[in-house]
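Asks: The sequence shown begins at 1 in full-length UniProt numbering and counts up by one.
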Amino acid sequence: MGKRTIVPFGPQHPVLPEPLQLRLVLEDEKVVEAIPAIGYVHRGLEKLAEEKDINQNIYVVERVCGICSFQQALAYCQGIEELMGIEVPDRAKYLRVIWAELHRLHSHHLWLGLLADAFGFESLFMQCWRNRELVMDLMEATAGSRVIISTNIIGGVRRDIDLDKQKFILNNLAKLEEELKKIEGSFLNDYTVKKRLVGVGVLTKQEAYELGCVGPMARASGIKMDLRTLGYAAYGELYFEPVVENDGDCYARLKVRLRECYQSIDLIRQAIFKMPEGEISTPVKGFPNGEVISRVEQPRGEDVYYIKANGTKNLERLRIRTPTFANIPALIKMLQGVDFADVPMLVLTIDPCISCTER
């Protein structure tokens, strides 16, 4: 046994957009143990949700994470709607799919840019974030905001997308798809990318299953799990298959997210072509009572909301389990045995959202 050294990784590090600390135990430049420390950006949003009424809580949960704010609000609203027996209009369900997939495109392009920047590929970073700007332009055109769009309400959505905006979306998606092909080629055909990612941070299918992995991390290890296949919103009316890779390494996680960008573009097109006419919201009267579990697939994986209501305007309890929180045990497992130099890239490939994790 060689000499062991403890090296802190974080809480501030160039590859970390948010503070996270890992105490790494090294032996001859190999990681033998990783001890996570979180809590740097805890805001107490679950407790705040008990003090606000059920409608104000939509704005609270949207602040769990700005990048996936729509899915946070969607999980919350669907839970309240189930408790109150509210039937959401079909058009609103399709609109929810469109905005949810725009947020997935936004999140994945942001991550792709961060990955390119970590490699030192500044031009590729700019290309990824230029594509991200296209997506944010679509959100601004359809909802009035570029990140937190606040279109979900209990009973449906607050905004519609007319024919002119639908054409605008389709035209910009065509541009985005062409640019995405260029980015994909740069990532998947570059020798440096393969050298740093192939065979690094391998998580087997069995390990991913036992550790409760979710989202692109699970799918990159061969687990065909995507909550959208449950058919919430209008996903049950659209055709798609979960994007799965089997290698379980950092390169597989990159390929999953790249392929999911194409999938999101296709789902938005399907939703626009199939979206029926009609109302976009249902009038809501009264207050929820009872308990419910609401789940959606946000860009990083399974988002779980436990809601306990007591028949008043205030909730008795709100509990949120976000995907990064679920994936941390797998991260600790993957870090064991890797070279210290590979740690930053490995951590980045799980697409950590510390804001989500700590709430």
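No residue lacks a Cβ here, since even glycine has one placed at the ideal position from N, Cα and C.
None of these values were measured; they are calculated from a predicted model.
Touching or not, the region 288-297 and the region 69-78, by the rule of three or more beta carbon pairs under 8 Å?
Replies: Contact holds: three or more Cβ-Cβ distances are below 8 Å.
Asks: So, do the region 121-136 and the region 56-74 have three or more beta carbon pairs nearer to each other than 8 Å?
Replies: In short, these stretches do not touch, since the Cβ pair count stays below three.
Asks: On a Cα-Cα basis, can you pick out the residue from S281, E316, Q127 and K255 that is closest to L197?
Replies: Sequence index remark: in the sequence shown, residue 197 carries index 197 (1-based). Here the closest residue by C-alpha is K255.
Asks: Taking the beta strand (DSSP E) that F325 falls in, what are its first and last residues?
Replies: Numbered from 1 along the sequence shown, position 325 holds the residue referred to as residue 325. It is not in any beta strand (DSSP E) - F325 instead sits in the alpha helix (DSSP H) that spans P323 to L335.
Asks: Determine the extent of the alpha helix (DSSP H) in which D351 is found, giving its start and end residues.
Replies: By one-based count along the sequence shown, residue 351 stands at place 351. It is not in any alpha helix (DSSP H) - D351 carries neither H nor E in the DSSP assignment.
Asks: Less than 7 Å between the beta carbons of G222 and A326, yes or no?
Replies: For this step, residue 222 is matched to residue 222 along the sequence shown. For this step, residue 326 is matched to residue 326 along the sequence shown. No, they are not a contact pair.
Asks: For my contact list, T357 and T322 are in at a C-beta cut-off of 8 Å; report their separation, rounded to the angstrom.
Replies: Residue numbering aside, residue 357 sits at position 357 when the sequence shown is read from its first letter. Residue numbering aside, residue 322 sits at position 322 when the sequence shown is read from its first letter. Confirmed, Cβ separation roughly 6 Å.
Asks: Determine the DSSP secondary structure at N310, reduced to helix, strand or coil.
Replies: By 1-based counting over the sequence shown, the position of residue 310 is 310. Strand at N310.
Asks: Answer with buried or exposed for T312, where buried requires no fewer than 16 other C-beta atoms within 10 angstroms of its C-beta.
Replies: Numbered from 1 along the sequence shown, position 312 holds the residue referred to as residue 312. Burial call: exposed.
Asks: Please report how far the alpha carbon of P276 lies from the alpha carbon of V202, in whole angstroms.
Replies: To locate residue 276, count along the sequence shown from 1; it is residue 276. To locate residue 202, count along the sequence shown from 1; it is residue 202. Approximately 44 Å, taken between the alpha carbons.
Asks: Using the C-alpha atoms, what's the distance from I6 back to Y235?
Replies: In the sequence shown, the residue the question calls residue 235 occupies position 235. In the sequence shown, the residue the question calls residue 6 occupies position 6. Answer to the nearest angstrom: the Cα atoms are 47 Å apart.
Asks: Would you call the region 80-90 and the region 108-116 in contact, with 3 or more CB pairs under 8 Å?
Replies: These segments do not touch.
Asks: Is the shortest distance between the beta-carbon of Q298 and the beta-carbons of chain C less than 7 Å?
Replies: Although the question refers to chain C, the structure presented lacks it and comprises just one protein chain.
Asks: Cβ of R300 within 7 Å of Cβ of G215?
Replies: For the purposes of this step, residue 300 is taken as residue 300 along the sequence shown, with counting starting at 1. For the purposes of this step, residue 215 is taken as residue 215 along the sequence shown, with counting starting at 1. Yes, the pair counts as a contact, with Cβ atoms nearer than the cut-off.
Asks: At 4 residues or longer, and completely inside the region 24-101: list those alpha helix (DSSP H) runs for me, N to C.
Replies: With a minimum length of 4 residues, the continuous alpha helix (DSSP H) runs that stay inside the region 24-101 are 45-51, 56-62 and 69-84.
Asks: If contacts are defined as beta-carbon pairs under 8 Å, then N152 and L74 qualify, I think. What distance do you get, rounded to the angstrom?
Replies: Numbered from 1 along the sequence shown, position 152 holds the residue referred to as residue 152. Numbered from 1 along the sequence shown, position 74 holds the residue referred to as residue 74. 6 Å between Cβ atoms; contact.
Asks: Can you check which of these residues, V41, Y94 and D28, is closest to P17 by C-alpha distance?
Replies: Looking up residue 17 in the sequence shown gives position 17. Ranking the options by Cα distance to P17, first place goes to V41.
Asks: Just the C-alpha distance for Q21 and I35, rounded to the nearest angstrom, thanks.
Replies: For the purposes of this step, residue 21 is taken as residue 21 along the sequence shown, with counting starting at 1. For the purposes of this step, residue 35 is taken as residue 35 along the sequence shown, with counting starting at 1. C-alpha separation (whole angstroms): 8 Å.
Asks: Using CA coordinates, which residue listed in K165, R63, H103 and A218 is at the minimum distance from I273?
Replies: As a first step, residue 273 must be located in the sequence shown, where it is residue number 273. Before going on, a small fix: residue 273 reads as Phe here, not Ile. Cα-wise, what sits closest to F273 is K165.
Asks: What is the DSSP secondary structure of T5, reduced to helix, strand or coil?
Replies: Along the sequence shown, one-based indexing puts residue 5 at 5. Note: T5 maps to strand in three-state DSSP.
Asks: What I want to know is whether the C-beta of E184 ends up closer than 6 Å to one or more non-hydrogen atoms of the ligand SAM.
Replies: As for the ligand SAM, it is missing from this structure, which has no ligand bound.
Asks: In three-state terms, what does DSSP make of R158?
Replies: Taking the first residue of the sequence shown as position 1, residue 158 is located at position 158. Coil at R158, not helix or strand.
Asks: Using only alpha-carbon positions, find the residue among R43, L26, G44 and V97 that is nearest to Y239.
Replies: Counted from its first residue, the sequence shown places residue 239 at position 239. Minimum Cα distance to Y239 is reached at V97.
Asks: What residue from I38, V64 and L24 has the CA that sits closest to L318's CA?
Replies: Start at 1 with the first residue of the sequence shown, and residue 318 comes out as number 318. The residue with the shortest Cα to Cα distance from L318 is V64.
Asks: Could you check which residue in V31, K182 and A143 has the C-alpha nearest to that of S123?
Replies: The sequence position of residue 123 within the sequence shown is 123, counting from 1. That would be K182, whose Cα lies nearest to the Cα of S123.
Asks: What are the residues that DSSP puts in a beta bridge with S281?
Replies: Along the sequence shown, read from residue 1 onward, the residue named residue 281 stands at position 281. Looking at the DSSP assignment, S281 forms a beta bridge with G156.
Asks: At the level of alpha carbons, what is the spacing between I320 and L48?
Replies: What you label residue 320 is simply residue 320 of the sequence shown in a count that begins at 1. What you label residue 48 is simply residue 48 of the sequence shown in a count that begins at 1. For I320 and L48, the distance between alpha carbons rounds to 13 Å.
Asks: Do you know how far the Cα of E140 is from the Cα of I154?
Replies: Mapped onto the sequence shown, residue 154 falls at position 154. Mapped onto the sequence shown, residue 140 falls at position 140. I154 and E140: Cα-Cα distance of roughly 22 Å.
Asks: In the DSSP output, what is Q298 paired with across the bridge?
Replies: Position 298 of the sequence shown, counting from 1, holds the residue named residue 298. BP columns for Q298 point to G301.
Asks: Considering only C-alpha positions, which residue in the set L26, K3 and P11 is nearest to residue 365?
Replies: Residue 365 lies beyond the stretch modelled for the chain, which goes from 1 to 359, so this question has no answer here.
Asks: What span of residues does the alpha helix (DSSP H) with L188 cover, start to end?
Replies: Here residue 188 refers to the residue found at position 188 when the sequence shown is read from its first residue. Counting along the chain, the alpha helix (DSSP H) containing L188 begins and ends at L163 to L188.
Asks: In this structure, how does DSSP classify I293 when only helix, strand and coil are distinguished?
Replies: Mapped onto the sequence shown, residue 293 falls at position 293. In the structure shown, I293 sits in a strand (DSSP, three-state: E or B).
Asks: Does the Cβ of L230 have 16 or more other Cβ atoms within 10 Å, making it buried, or fewer, making it exposed?
Replies: Residue 230 sits at position 230 when you count from the first residue of the sequence shown. Exposed, because fewer than 16 other Cβ atoms sit within 10 Å of the Cβ of L230.
Asks: Using the three-state DSSP reduction, which class does R319 fall into: helix, strand or coil?
Replies: If you number the sequence shown from 1, residue 319 lands on position 319. Strand, per DSSP.
Asks: Pop quiz: I268 and R91 are said to be a contact at Cβ under 8 Å. What is the actual Cβ separation, rounded to whole angstroms?
Replies: Within the sequence shown, residue 268 is the residue found at index 268, counting from 1. Within the sequence shown, residue 91 is the residue found at index 91, counting from 1. Not quite, the Cβ-Cβ distance comes to about 15 Å (not below 8 Å), so this is no contact.
Asks: Determine the contact status of S264 and E46, defining contact as a CB-CB distance below 7 Å.
Replies: Residue mapping note: residue 264 aligns to position 264 of the sequence shown, counting from 1. Residue mapping note: residue 46 aligns to position 46 of the sequence shown, counting from 1. No, the pair does not count as a contact, with Cβ atoms beyond the cut-off.
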